[in-house]
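Notes follow the structure.
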Amino acid sequence: MYRSAEFHVADYLKDAPEGVMQSLAETIFAKIKSDDSAKYSEEFCRYVTSEQFVNEHQYTYLKRSRNITMSPAGEHKHLLDSYQRLIDAGYVKKDENLILVWMKNEGTGSVGYGSTLMHVIVMSKMLDREDMPDYVLDYALFTQIVRMTQGMVNFCTKKEDYAEELKKKLESFP
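918 is the number that our numbering gives the last residue of the sequence shown; the numbers go up by one with no jumps.
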């Protein structure tokens, strides 16, 4: 039986405190051993979900993303307009760290994707059409924001209620 493992982690963690790295290694090793109760430590969770972590690594994450425009302004739609409508209607709270950008192309059929830790949401160019109703874009963006928010909530906690919470939140949109 093996008693050691070699881990390669993203360079986003290169400046992480030793305790954070030790905790991450222990959790990964426990998960490899099929320990379903293995959870990330409070120290690790605080580190990777901190505003400082986002501020230090978000731009690098964006630079490495190949299929994004780096802008919320599309040809016909502006993601910040959609975001503001969601805020004004009370569906989401303003997140000063959130970055909204368009894909360079229509993607693989998904309306978008996001990074929970990096506070980035990327929306499919297929929604950037003049004939696209605002409420469709708003709902698509809303689903991505909810997933990202729920991901933050569930990243270091139990995930059993995730699907139900997500469903309730999405059903709140008219």
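By construction, the Cβ of each residue, glycine as well, lies at the ideal position given by its N, Cα and C atoms.
Three-way DSSP call (helix, strand, coil) for residue i in this model
i    : result
M870 : helix
V792 : helix
V880 : helix
V753 : coil
V890 : helix
G895 : helix
K919 : Examination of residue 919 is not possible in this model, given that the chain is present from 745 through 918 alone.
Extent of the continuous alpha helix (DSSP H) run through residue i
i    : result
L844 : Taken as a continuous stretch (DSSP letters only), L844 belongs to no alpha helix (DSSP H), being part of the beta strand (DSSP E) at 843-846.
G856 : Premise fails: G856 lies in the beta strand (DSSP E), 856-859, not in any alpha helix (DSSP H).
A774 : 762-776
Bridge-paired residues (DSSP) for residue i
i    : result
A817 : H822
V798 : Its beta-bridge partners do not exist; DSSP assigns none.
I865 : L844, G858
I812 : M847
Pairwise C-alpha distance: residue j and residue i
i    : j    : result
S815 : W846 : 6 Å
G858 : I776 : 26 Å
Y827 : E786 : 31 Å
V880 : N849 : 18 Å
Candidates the options, of which the one nearest residue i by Cα
i    : options                : result
I772 : F788, L844, D759       : F788
K913 : D875, A782, Y835, G763 : Y835
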